[in-house]
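Structure first, then comments.
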Amino acid sequence: MTSNPSNHARYGGPEMAIDGPKTALIQTLLSRRSCRDFSDRVIDHQTKHLLFTAAQSAPTKSNLQQYSLIEIADPSIRQSLQQLFPSVTWAISAPLLIVIVGDLHRTQQINAAKGHEFRWDAADAFLNASVDASLALGFMIAAAESLSLGSCPISTIRESTAAIIRLLELPKGTFPICACAFGYPTQKHTTVSPRLPQSVVVHQDRYQPVDMDAIHGYDQTLTEVMGEPKPRYPERYGMPRESTWSDNLARQTSVRERSDFQSSCEQQGLWRRDQMD
C-alpha cells in the first residue's frame, strides 16, 4: 500500500515515509527540524570543514560566490552579541555560530583590480548576493543534519544591523543576512513543524488565488501538532480568542520591524535610492 504525501509529518500527519525514492538524503531533509537546545560537545575542526565545504557546494549565480561565512569564536564578540540580543542567548552560546553575509565587496575589489567599475543594478545585485548566501546556508544545514547536528537560523541579528556591521567590521558592499547556530542536540526527538499544504505553495503554469480555506485548515493542523502559538503584539492588538499561525502572520507583518536594515545597507553602499533611479 502506498502512502499519501499529505499524511507525512511535514504536513501534520503521522511520522511515515512518503511515496517516491526513500534515499538517506530525502529522509534527512524531510525530518529536519530546528534545534534550540545544544549540548556542550565541541564540533571538531574536520566536521566544521565539511560543513563549510557543503555550503560552498551550493549553486551560485554565474559562479560569482557573493557571500561570506563568519565563524564567531571570540568570546568578547559573543558577549557583545549576548548583550545586543538577549532573547537568543541559547543560539549565541551554541558550539558553532556563523553569521551569513551577502558579499559584493569581494566582487567590487576584483573589479577594481581589473580596472572595471561595478555597474550592476543595485536591487538585482543585492538579490543575487542574498540568494547565493541563502543557498549556501541551506546546504550547510542539510550537511549538519546528515552529521546528526542540529541547527537554527537566526534573523534576529537584523534588529541591530548597524551594530552588527560595526562589531564584525563588515566593509562596504557587505550586509548581514542572518546567523545560524549549530551543535549536537540535547534532545533527539522534537516535533517536525508542519508546513503549508502543497496545494497552497505549488502552482501549475500560472499563479493561483490564495485558498483561505486551506490556510485555515493549516492553522488547525499546526495548532494540533505544535500547540496554540503565543500571540504576537498583544499590547497593540489585544489577546485573541484563539491564536493561530495566520493571525500571527497578519499581526507581525502589520508592524514595521528592523527599521534600520535598509538605511544600514545604504550606508554600506547597497540598495541606495540614487542607484535605482
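Counted from 1, the sequence shown has number 231 at position 231 by the numbering used here; the numbering is strictly sequential.
In this text, a Cβ means the ideal position worked out from N, Cα and C, and glycines have one as well.
- The residues Arg232, Tyr233, Tyr237, in chain order, have a CB closer than 6 Å to that of arginine 251 in the same chain once the five nearest residues on each side in sequence are set aside.
- Beta bridge pairing from DSSP links glutamate 71 with Ile98.
- When only Cα atoms are considered, threonine 53 and lysine 114 end up about 28 Å apart.
- Between the segment 200-212 and the segment 131-145, the count of C-beta pairs closer than 8 Å stays below three; the two stretches do not touch.
- Shown here for tryptophan 245: same chain residues with a beta carbon closer than 6 Å to its own, the five before and five after excluded, namely Asp219, Leu222 in chain order.
- In the structure shown, glycine 12 falls within a coil segment according to DSSP collapsed to helix, strand and coil.
- In the DSSP assignment, serine 193 is bridged to no other residue.
- If the five residues before and after arginine 256 are omitted, its C-beta is found closer than 6 Å to no C-beta atom of its own chain.
- Taking 9 Å as the cut-off, the beta carbon of glycine 20 is found no closer than this to the beta carbon of proline 194.
- By the neighbour-count definition (other C-beta atoms within 10 Å, threshold 16), asparagine 63 is an exposed residue.
- The segment 31-40 makes contact with the segment 88-95; the number of CB pairs closer than 8 Å reaches 3 or more.
- With fewer than 16 other Cβ atoms from the protein chains shown falling within 10 Å of its own Cβ, glycine 227 counts as exposed.
- Counting only runs of 3+ residues, the beta strand (DSSP E) found wholly inside the segment 131-214 occupies 150-154, 174-183, in chain order.
- A straight line joining the alpha-carbon of leucine 170 with that of asparagine 128 spans about 18 Å.
- Taking 4 residues as the minimum length, the alpha helix (DSSP H) runs contained wholly in the segment 16-50 are 24-30, in order along the chain.
- Serine 39 is a Cβ neighbour of threonine 186, given a cutoff of 9 Å.
- Look at aspartate 103 here: in three-state DSSP terms it is strand.
- Judged by their CB atoms, cysteine 180 and isoleucine 77 are not nearer to each other than the 9 Å cut-off.
- In the DSSP assignment, arginine 251 falls within the alpha helix (DSSP H) that extends over 245-253.
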